[in-house]
Structure formats: C-alpha cells, structure tokens
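Just so you know, the sequences run in chain order A and B.
The opening residue of the first sequence carries number 1 in this note's numbering; numbering runs sequentially from there.
The opening residue of the second sequence carries number 1 in this note's numbering; numbering runs sequentially from there.
For every residue, glycine included, the Cβ atom is placed at its ideal position computed from N, Cα and C.
Model, not experiment: these values are computed from the prediction.
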Amino acid sequence: MSGSDQLHVVTSDDITPGRARFGKTLVWGAAAVLLLVAAAQTAQVMGWQDFGFASWRPTLYAYCLWATALCWAQVITRGEQGKRTLFVLPAALFVISLTVFPLLFGLIIAFSSWNLSSLDGRQFNGVANLVQMWHDPFYWNALGNMVIYVLAIIAEYAIAFGLALILAGQIRARKFWRVAFLMPLMLSPVAVSWMIGKSMLEPRFGPLARLARSLGIENPSFFESPWMAKLTIMVLDAWTFIPFMMIMLLAGLQAIPKELQEASKVDGATGWKSFWEITFPLMLPVSVTAILIRIIFKLKLADIVITVTSGGPGGATDTVTSFIFREYRERSNVGYGTMLAMVYLVLIVIAMTVLMKFANRLTKPRT
Amino acid sequence: MTDTPVQIFRDSDTDRGFRMKWWASRTAIYGVLVFWAVICLFPIYWTATTSFKMAPNVMQGQMVPFPQSWTPEGDWAKSVFYAPKWKGWESIGMSPQTLQQESTVRAEFLKRFGNSAIVALVSSTLAVVLGAMAAYGLSRFRYKWAWMKNDDILFFFLSQLILPPVVLALPFLVLYKELALLDTRIGLILLYTLSVLPIVIWIMKDQFETIPTELEEAALVDGLSIWGAFLTIIVPIALPGMVAAFILSLVLTWNEYFFAALLTSTHANTLPVMVASQTGSQGINWWSMAALSFAAILPLIVIGVVLERFIIKGMAAGAVK
Numbered sequence: 001m002s003g004s005d006q007l008h009v010v011t012s013d014d015i016t017p018g019r020a021r022f023g024k025t026l027v028w029g030a031a032a033v034l035l036l037v038a039a040a041q042t043a044q045v046m047g048w049q050d051f052g053f054a055s056w057r058p059t060l061y062a063y064c065l066w067a068t069a070l071c072w073a074q075v076i077t078r079g080e081q082g083k084r085t086l087f088v089l090p091a092a093l094f095v096i097s098l099t100v101f102p103l104l105f106g107l108i109i110a111f112s113s114w115n116l117s118s119l120d121g122r123q124f125n126g127v128a129n130l131v132q133m134w135h136d137p138f139y140w141n142a143l144g145n146m147v148i149y150v151l152a153i154i155a156e157y158a159i160a161f162g163l164a165l166i167l168a169g170q171i172r173a174r175k176f177w178r179v180a181f182l183m184p185l186m187l188s189p190v191a192v193s194w195m196i197g198k199s200m201l202e203p204r205f206g207p208l209a210r211l212a213r214s215l216g217i218e219n220p221s222f223f224e225s226p227w228m229a230k231l232t233i234m235v236l237d238a239w240t241f242i243p244f245m246m247i248m249l250l251a252g253l254q255a256i257p258k259e260l261q262e263a264s265k266v267d268g269a270t271g272w273k274s275f276w277e278i279t280f281p282l283m284l285p286v287s288v289t290a291i292l293i294r295i296i297f298k299l300k301l302a303d304i305v306i307t308v309t310s311g312g313p314g315g316a317t318d319t320v321t322s323f324i325f326r327e328y329r330e331r332s333n334v335g336y337g338t339m340l341a342m343v344y345l346v347l348i349v350i351a352m353t354v355l356m357k358f359a360n361r362l363t364k365p366r367t
Numbered sequence: 001m002t003d004t005p006v007q008i009f010r011d012s013d014t015d016r017g018f019r020m021k022w023w024a025s026r027t028a029i030y031g032v033l034v035f036w037a038v039i040c041l042f043p044i045y046w047t048a049t050t051s052f053k054m055a056p057n058v059m060q061g062q063m064v065p066f067p068q069s070w071t072p073e074g075d076w077a078k079s080v081f082y083a084p085k086w087k088g089w090e091s092i093g094m095s096p097q098t099l100q101q102e103s104t105v106r107a108e109f110l111k112r113f114g115n116s117a118i119v120a121l122v123s124s125t126l127a128v129v130l131g132a133m134a135a136y137g138l139s140r141f142r143y144k145w146a147w148m149k150n151d152d153i154l155f156f157f158l159s160q161l162i163l164p165p166v167v168l169a170l171p172f173l174v175l176y177k178e179l180a181l182l183d184t185r186i187g188l189i190l191l192y193t194l195s196v197l198p199i200v201i202w203i204m205k206d207q208f209e210t211i212p213t214e215l216e217e218a219a220l221v222d223g224l225s226i227w228g229a230f231l232t233i234i235v236p237i238a239l240p241g242m243v244a245a246f247i248l249s250l251v252l253t254w255n256e257y258f259f260a261a262l263l264t265s266t267h268a269n270t271l272p273v274m275v276a277s278q279t280g281s282q283g284i285n286w287w288s289m290a291a292l293s294f295a296a297i298l299p300l301i302v303i304g305v306v307l308e309r310f311i312i313k314g315m316a317a318g319a320v321k
C-alpha cells in the first residue's frame with residue numbers, strides 16, 4: 001500500500017504562529033505542572049519536606065491533565081492532521097500508561113525483595129529471585145502443567161470443529177442449538193467452578209458422581225489423583241471455551257462458497273474425502289486463528305483452578321497464574337511473584353512468536 | 001420381463017439403502033445435538049433447581065422440583081421429585097418472604113451486584129469508545145509515529161491480548177496502593193478497559209473496513225469535519241459491530257475474577273469474588289451457593305438468549321477475512 005491515506009481529505013489549515021505557540025505552551029505547561037507535583041511528592045516521600053499529600057493521587061491527576069493537554073494541543077498546533085491523530089492518541093496513551101509504565105515498574109519490583117506485610121519496604125536483591133525461581137520445583141511444575149493444558153486444545157478443537165460442522169449442516173431449530181451451545185461461554189468461570197466443580201462433581205451427592213457410581217465405578221473422585229484432577233480441570237475449561245472456537249469455526253464454514261463443495265460432489269468425492277480435501281484445507285486459516293486465540297486465553301487460565309482445587313493435589317493442577325496468586329496470598333511476596341510473572345511473560349512472547357511464524361507458514365497458500 | 005405382476009414403482013435396493021443411511025445419519029446428528037445441548041444446559045438446570053432444595057433433597061439426589069400436592073404416590077416419584085423450597089434464596093434475601101423485609105444479606109448481595117454492573121458497563125463503554133476511535137483512525141489514515149506505522153500501532157494494541165493478567169497484577173497492586181485506588185471501582189474499571197480494548201479494536205477495525213470511504217468523502221464535500229463525518233455518518237452504520245464489541249466486553253468484564261480478587265477487599269467487590277469467597281463451606285450450604293451462583297449468571301443467560309446474534313457476529317469478526 002502506498003503512503004497515502006485511504007480517505008482523501010483536502011484541507012486548508014492556516015495555523016497562525018500564535019496558535020501554534022499556544023498549543024506548545026499548553027503541553028509544556030501541563031508537563032511542568034506534572035513534574036512539579038511529582039517532584040513535590042517525591043520530596044515528601046523522601047522526607048525532605050511535608051506537603052500534606054495523603055497519596056500519589058495528585059500526580060495521577062496531573063498526569064491526566066497532561067494527557068488531555070497533549071490531545072488538545074494536537075488539534076491546536078497541527079489542525080487537520082492533529083484531528084486525525086486524535087482518533088488513535090487517546091487509546092494509545094491509555095494503553096501505554098496502563099501497561100508500559102506498570103511493566104517498567106514491574107521490572108524494578110522483580111529484582112527486589114518486597115514483602116507487603118512487613119514494614120521493611122522494598123529492598124533491591126539483584127538476581128536472588130531468579131536463583132530462587134530456578135530452584136523452585138513448583139514453578140517448573142506449573143509451567144509443565146501449562147504445556148499439558150495447552151495440548152488439550154487439540155481435543156477441544158476437534159470437538160468444536162465437529163459441532164460447527166453439524167451446526168453448519170441442514171438441521172432444524174438451528175437457532176435453539178446455537179444459543180444452547182453458546183451458553184457455557186456466557187457463564188462466569190467462578191460460578192461454573194462452583195456449579196460443576198464443587199457441586200456436580202461432589203463425590204457423595206453430586207449427580208456426576210452418582211452417574212459414575214451407577215456405571216460401576218466405586219468411590220468416584222475427580223480431584224484426588226493428580227492426573228484425574230488435571231483432566232477434570234481441562235474438561236471444565238473446555239466446557240467454557242469450546243463454544244468460542246465453535247463460533248469462529250462456524251463463521252469460517254459459512255464463508256466457504258457452496259460451489260466448491262458442489263463441484264467436489266460432482267467430481268465424486270464422498271463426505272469424508274470432501275471434508276479432508278476441500279473443507280479442512282479451506283478452514284486452515286480460520287482454524288489457526290481460533291487455535292492461537294484459544295492458546296492466548298488458555299495461558300491466562302486461573303480462576304477455575306483457584307476456586308476449585310487451589311492448585312492441589314500437590315500442585316498437580318497449578319497454572320502459572322494460580323501459583324503466583326497463591327504465592328502472593330500466602331507470603332505476600334510481591335518481588336518474587338513479579339519475577340515469576342515476568343519470566344512467564346518472556347516465555348509466552350517467545351512461544352507465541354514461534355507459533356505465529358509456524359502458523360504463517362502453515363496458512364500460506366501452497367503453490 | 002417376468003410373468004408375475006410386479007409393483008411398477010418401487011424403490012430399488014440402492015435407494016432403500018440410501019434412505020436407511022439418511023435416517024441413520026439424521027438420528028446420529030440429532031443425537032449428538034441433544035447430547036451436547038444436555039452437556040451445555042444441564043449445569044444451569046442443576047444450579048437453578050439446587051437453589052430450591054433442602055438438605056435431604058441434596059442427599060437423596062432428587063432432580064425435578066414438583067409441587068408436593070401434585071406429586072404422585074410411589075417410591076419412584078419420591079426419588080425423582082422434590083418439593084421446592086425458598087431456602088437458598090432466603091439466604092441472599094431474595095425469596096418472596098424476605099423480599100418484603102429489610103435484609104442485610106440482600107443489601108450485601110445487591111451491593112456486589114451493583115459493583116459488578118457498574119464496573120462491567122462503564123469499562124465496556126469506555127473500551128468501545130476508545131477502541132472504536134482508534135480502529136477508525138487506523139482503518140482510514142496513515143500514521144507515522146517515530147518508527148511506528150499503522151501496522152505496528154495495530155500490532156501494539158493487539159499484542160496486549162497476549163499479556164497475561166498476572167504480569168500486571170502485582171505491579172498494579174503496588175501502584176494502586178500508592179494511588180489510593182485499591183478497592184475502588186475506578187481502579188477495576190481502568191484495568192478491565194485495558195483488558196478488553198484489544199478485542200474491541202480487532203472487531204471494530206474489521207467493521208470499519210467494510211464501510212466504503214466514499215461515504216465520508218461525500219460528507220466531507222458537504223462541509224462536515226472529519227469528526228462530524230465519523231460521529232454522524234460512520235458510527236450509526238457501524239453500530240451493530242459496536243454493539244457486538246460491547247456485549248463481548250460486557251461478558252468478559254462481568255465474569256472477570258482474577259483482578260477483582262486481588263485488587264478489591266470490601267468496598268468494590270464484584271459478584272465473582274463474592275461467589276468465590278463462599279465456596280469454602282462446600283457440602284453444607286448447597287442451596288444458598290446455588291442461589292448465589294444462579295443470580296450471578298442470570299443476567300448473562302438473558303443477554304446470551306436475547307443478543308445471541310451480536311455475540312456470534314463479534315466473535316466471527318476476526319475469523320473470516
């Protein structure tokens with residue numbers, strides 16, 4: 001694509017030097033206010049002078065003021081061009097201030113020992129957290145669990161694809177089935193973990209335990225052996241998210257031109273063959289998108305684990321998120337938890353980059 | 001031909017086999033549909049009915065609520081039907097009797113419910129406003145900020161999706177403590193907006209790209225400014241997409257648990273936190289837990305049934321290009 005805009009706008013801006021100067025003053029003035037307030041607050045925290053601030057809120061307000069001034073000044077100093085910038089700038093500022101700053105701040109925390117419940121405050125401790133992490137079997141165990149959980153997506157994908165194929169076929173009451181199949185996605189994982197994890201799977205009175213018993217399994221327990229517990233968590237998570245993949249795949253199926261399938265039928269392809277030769281290759285891009293998004297969501301898996309098993313038995317069901325959550329709740333060690341999270345982030349970014357490269361190659365039309 | 005009178009019109013064996021096959025495949029398909037619908041809906045049914053149970057009903061495993069006076073005689077009826085009671089709903093002050101009276105548990109529940117509603121609605125609105133603006137800008141203009149071009153800016157926004165919440169959680173905990181935003185709704189709203197913004201931008205970008213630019217060009221010729229054209233021409237056209245993005249954000253933010261559990265304690269608790277904080281007493285208060293869970297999921301069930309096509313539209317947006 002060329003360097004020009006999609007939308008051609010011809011404008012005659014005449015921005016007087018005074019107006020431009022006003023805009024510049026606005027931004028720098030607000031920045032000066034922000035710096036002043038921040039400096040005053042730092043001085044108070046350091047104990048040089050007491051300005052009577054209760055919290056860092058004034059700095060926050062000054063920051064908001066500066067951000068507003070920056071947006072406003074775009075229009076003042078740059079006219080039409082500034083109005084265009086104004087579309088993206090607020091969102092960009094919002095995201096930057098809410099992710100980039102905390103991430104940088106997180107980096108500082110990650111290299112320190114900081115117990116929120118003790119009064120010592122933050123102490124820089126270098127790579128001690130990294131060393132501790134290296135020798136923490138539970139963290140590696142949680143990472144290993146994440147790999148297993150992610151692998152379960154293959155089964156979810158197969159089920160979702162099957163359901164999407166059925167929903168795309170000729171069936172009656174399609175809308176009813178669609179709504180019914182969509183339902184699990186709408187429910188809050190916490191409520192789900194109570195509804196299914198705690199009550200339906202309850203070993204004595206839960207309906208699923210009763211079912212298992214009537215099928216001849218004595219003492220059904222879903223959370224006692226490590227693998228069984230893992231499997232149950234996978235099933236619970238799959239239950240919530242299969243609709244998500246199903247809807248994406250359904251949209252992909254409905255976008256396949258009918259002619260292709262008809263042509264393959266004329267050529268004598270049977271159902272199974274036409275699926276593998278026509279439908280599946282055409283669905284590859286959608287499948288890859290669905291699976292990638294699903295992996296992203298899976299990597300955040302926590303609430304079900306926290307509420308149902310809280311990682312047990314013996315860390316068998318721990319995800320990285322639930323492990324860090326407990327690490328913080330039990331020891332309120334912010335520094336170590338942040339280091340674990342940061343390492344996790346680096347691993348995710350590497351893994352996702354590799355996966356996306358691989359996916360790109362997979363979906364590229366083979367010629 | 002043969003001598004015996006034959007039926008002239010009769011299905012050949014291959015046809016009959018075909019019909020058999022057709023029936024078999026129909027049965028299989030509807031069998032799968034019914035089976036999966038049961039899997040999807042039974043937990044909801046279970047929760048709804050359990051909220052009307054009493055301890056003996058739970059232990060005996062009766063499943064169908066049925067008025068006592070109509071319940072037929074016999075042992076089989078006793079093992080299937082039970083008389084519904086309002087006990088579970090009483091525990092959150094929502095049964096017909098307690099609804100008349102003052103009730104602290106109800107006030108507590110309503111407060112949490114209100115927190116959830118406010119946080120979800122405000123953050124979804126904020127995300128849709130910010131996201132729609134950004135998506136429109138990115139779909140119409142070329143930007144060059146330092147080294148970042150349009151694709152880079154878009155990637156920057158979308159890459160937030162990969163960021164696991166746990167990475168932000170602890171830094172935010174400390175920051176919010178310093179900013180006195182811990183246990184406030186504003187704090188949650190900011191984070192939730194951040195977490196759904198990439199999804200909104202994704203959906204909205206897709207939406208805006210289907211709208212031809214000639215529309216705005218005509219409006220600009222007629223003397224509207226670019227913002228005027230955006231607000232009066234484009235937004236109404238893109239409204240279905242915005243609703244889809246809004247609903248999807250609403251679902252995600254209403255259900256969010258991790259941040260809420262970490263960053264709120266008494267004032268700004270949302271419903272999932274309230275539900276989770278009661279699971280410790282499992283096996284004892286099944287009916288009240290069921291009532292609470294059901295009340296927490298009911299709004300979304302309603303939204304799911306009524307606005308299903310928007311949700312599907314939103315999720316399908318990114319899938320098909």
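{"Item": "Answer yes or no: does any C-beta atom of chain B fall closer than 8 Å to that of leucine 375/A?", "Value": "Only positions 1 to 367 of chain A appear in this structure, which leaves residue 375/A out of reach."}
{"Item": "Nearest to lysine 247/B by CA position, among Leu188/B, Ser25/B, Gly74/B, Ala120/B, is which residue?", "Value": "Lysine is not the amino acid found at residue 247/B; the sequence shown has isoleucine there. Closest option to isoleucine 247/B, Cα to Cα, is Ala120/B."}
{"Item": "Could you name the residues of the region 236–249 of chain B whose beta carbon sits closer than 8 Å to any beta carbon of chain A, in the order they occur along the chain?", "Value": "none"}
{"Item": "In angstroms, rounded to a whole number, what distance separates the CA positions of leucine 231/B and glutamate 216/B?", "Value": "11 Å"}
{"Item": "What's the call for methionine 133/B, buried or exposed, on a 16-neighbour Cβ count within 10 Å?", "Value": "buried"}
{"Item": "Identify whether tryptophan 145/B lies in helix, strand or coil by the three-state DSSP scheme.", "Value": "strand"}
{"Item": "Hey, is the region 46–55 of chain A in contact with the region 21–36 of chain A, meaning 3+ C-beta pairs nearer than 8 Å?", "Value": "no"}
{"Item": "Around the Cβ of aspartate 75/B, are there at least 16 other Cβ atoms within 10 angstroms (buried) or fewer (exposed)?", "Value": "exposed"}
{"Item": "Strictly under 8 Å for the Cβ-Cβ distance: is isoleucine 162/B near chain A by that measure?", "Value": "yes"}
{"Item": "Examine chain A for any beta-carbon lying closer than 8 Å to the beta-carbon of leucine 197/B, and answer yes or no.", "Value": "yes"}
{"Item": "Does the CB of valine 105/B have a neighbour CB from chain A at under 8 Å?", "Value": "no"}
{"Item": "Just checking: is the beta-carbon of isoleucine 234/B within a distance shorter than 8 Å of some beta-carbon in chain A?", "Value": "no"}
{"Item": "Tell me, which residues are paired with glutamine 123/A by DSSP?", "Value": "Ser113/A"}
{"Item": "Who are the Cβ neighbours of alanine 295/B in its own chain at under 6 Å, not counting the five residues just before and after it?", "Value": "none"}
{"Item": "Let me know the secondary structure DSSP gives proline 236/B once reduced to three states.", "Value": "helix"}
{"Item": "Could you run through the region 266–291 of chain A and flag, in chain order, every residue whose CB is less than 8 Å away from some CB of chain B?", "Value": "Pro285, Val286, Thr289, Ala290"}
{"Item": "Which chain B residues sit within Cβ distance under 7 Å of glycine 337/A?", "Value": "Leu170"}
{"Item": "Taking only runs of the alpha helix (DSSP H) that begin and end inside the region 178–215 of chain B, which ones reach a length of at least 4 residues, in chain order?", "Value": "185–209"}
{"Item": "Would you call the region 228–242 of chain B in contact with the region 121–141 of chain A, where contact means no fewer than 3 C-beta pairs closer than 8 Å?", "Value": "no"}
{"Item": "Could you have a look at proline 65/B and say whether DSSP puts it in helix, strand or coil?", "Value": "strand"}
{"Item": "Please classify asparagine 219/A: does DSSP put it in a helix, a strand, or coil?", "Value": "coil"}
{"Item": "Hey, is lysine 364/A's beta-carbon within less than 8 Å of any beta-carbon in chain B?", "Value": "no"}
{"Item": "Please determine if the region 218–233 of chain A and the region 180–188 of chain A are in contact, where contact requires at least 3 C-beta pairs separated by less than 8 Å.", "Value": "no"}
{"Item": "Could you tell me whether the region 222–238 of chain A touches the region 196–208 of chain A, using the rule of 3 or more Cβ pairs below 8 Å?", "Value": "yes"}
{"Item": "Residues of chain B with CB closer than 7 Å to the CB of aspartate 303/A, please, in chain order.", "Value": "Tyr257, Phe258"}
{"Item": "Between which two residues does the alpha helix (DSSP H) holding asparagine 141/A run?", "Value": "137–151"}
{"Item": "Any Cβ of chain A within less than 8 Å of the Cβ of leucine 175/B?", "Value": "yes"}
{"Item": "Expressed to the nearest angstrom, what Euclidean distance is found between the alpha-carbon atoms of glutamine 74/A and threonine 85/A?", "Value": "7 Å"}
{"Item": "Report yes if the CB atom of tryptophan 72/A is closer than 8 Å to the CB atom of glycine 335/A, and no otherwise.", "Value": "no"}
{"Item": "Consult DSSP for asparagine 269/B and reduce its assignment to one of helix, strand or coil.", "Value": "coil"}
{"Item": "Using a C-beta cutoff of 8 Å, does tryptophan 36/B count as contacting chain A?", "Value": "yes"}
{"Item": "If we cut at 8 Å on Cβ distances, does leucine 155/A have a partner in chain B?", "Value": "Looking at the sequence provided, one finds alanine at residue 155/A rather than leucine. So, not an interface residue."}
{"Item": "At a CB distance below 9 Å, what residues from the region 47–61 of chain A approach chain B? Give them in sequence order.", "Value": "Ala54, Ser55, Trp56, Arg57, Thr59, Leu60"}
{"Item": "If we cut at 8 Å on Cβ distances, does phenylalanine 81/B have a partner in chain A?", "Value": "no"}
{"Item": "Going by the beta-carbon positions, is the gap between glycine 31/B and alanine 91/A smaller than 8 Å?", "Value": "no"}
{"Item": "Can you list the residues of chain B that leucine 163/A reaches, using a CB-CB cut of under 7 Å?", "Value": "Trp36"}
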